[in-house]
Amino acid sequence: MYRFLLTPRWWVINVFTLLAIPVCLFMGSWQLSRFETRVNTHNQQQDEASAARKAAARPLGDLLPVTAKTSGERATATGRYDTAHQLLVPDRRLDGRDGFYVLTLLRVDEGKDGAKGGGRSEGEDAAEDGAKALPVVRGWLPGDADDPAVTAKVPAPPSGEVTVTGALQASEHQGGDGVSTSGGLPRGQLGMISAASLVNLVPYQVYDAWVTSAEAPGALKPVPPTAAEGTGLDIKAFQNLGYTGEWFVFAGFVVFMWFRLFRREAETARDLALGITPPEPTAPTVPTAPGADPTPDDAERTRSPSATA
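Taking this note's numbering, the leading residue of the sequence shown gets 357, the next gets one more, and so forth.
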């Protein structure tokens, strides 16, 4: 009854099935290994980032430019705060509450942090020496940045030379968490922490990076560093996981279709062996229009016996 398995048609079906199943299983296993590799890489990066945050602070110049590896590392810089250009960054959430960042520009002293540039502390006079400034988020305060009662709680930046230690962060960009690029902010507020957004607000150059201070004065709370872009478990990892499931489903579908074809072919062979054959289809009759001459076949069938005698 199963001699149909030796026909050329079933040779093709069997060979295809025997090749397709291992290929699907191999591709599914390979996609799964890619997912596991991405997860392990992510965990390793997280461990390295955690170790970097606990390591001793390094001079700012040793960590620039900011990369995925140096982002989040502890940096130290010495200089003077520009008290004339303290800015508030509204619509920033911390611990599930709305609030704002307090950002002050630190005029970095050359030679004390390993970075190029240095200068004096205040606006126009400091612009003459071509020094750069480092944006420092001194902390976060709950409330509305437009409320004078809330902004009155913001402590003034210290005067004189200070040394700031905090987590180094890359400049923000459009689409980032909490970043506002709609414009129309009041004077003294900033929607995005980046050198591009600060270039028209201060009379000196600004580093393409910023630091979130580890210590927050007064009512401020320290802002935790964010993970560098591209270091998280990205969508590609979940795509690999999805492809894994697809390839295993393909393998199961191949097996299912083989058994379905086999069962149908076996049932047909059994019916033939028992003499059970489907009725042969009869030729459909072609209707004719009223009054039309019958076809020769019709005329032959309707001719009376006397006419043929």
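C-beta atoms are modelled at their ideal positions from N, C-alpha and C, and glycine is treated no differently.
- A straight line joining the alpha-carbon of residue 594 with that of residue 395 spans about 10 Å.
- For the pair residue 360 and residue 622, the CB atoms are nearer than the 9 Å cut-off.
- Residue state for residue 422 is assigned as coil, using DSSP reduced to three classes.
- Contact between residue 557 and residue 445 fails: their C-beta atoms lie close to 12 Å from each other, not under 8 Å.
- Per the DSSP secondary-structure output, residue 535 pairs with nothing in a beta bridge.
- The Cβ atoms of residue 413 and residue 521 sit closer than 9 Å to each other.
- Scanning its chain for C-beta atoms nearer than 6 Å, with the 5 sequence neighbours on each side dropped, one finds around residue 441 the residues 461, 558, in chain order.
- Going by DSSP, residue 600 is part of the alpha helix (DSSP H) stretching over 591-629.
- Excluding the 5 residues flanking it on each side, residue 563 has same chain C-beta neighbours closer than 6 Å at 488, 490, in chain order.
- Per the Cβ contact rule, the stretch 594-604 is in contact with the stretch 377-389 (3 or more Cβ pairs under 8 Å).
- Counting along the chain, residue 568 sits inside the beta strand (DSSP E) bounded by residues 565-569.
- Here DSSP, grouped into helix, strand and coil, assigns residue 501 to coil.
- With fewer than 16 other beta carbons inside 10 angstroms of its own, residue 571 counts as exposed.
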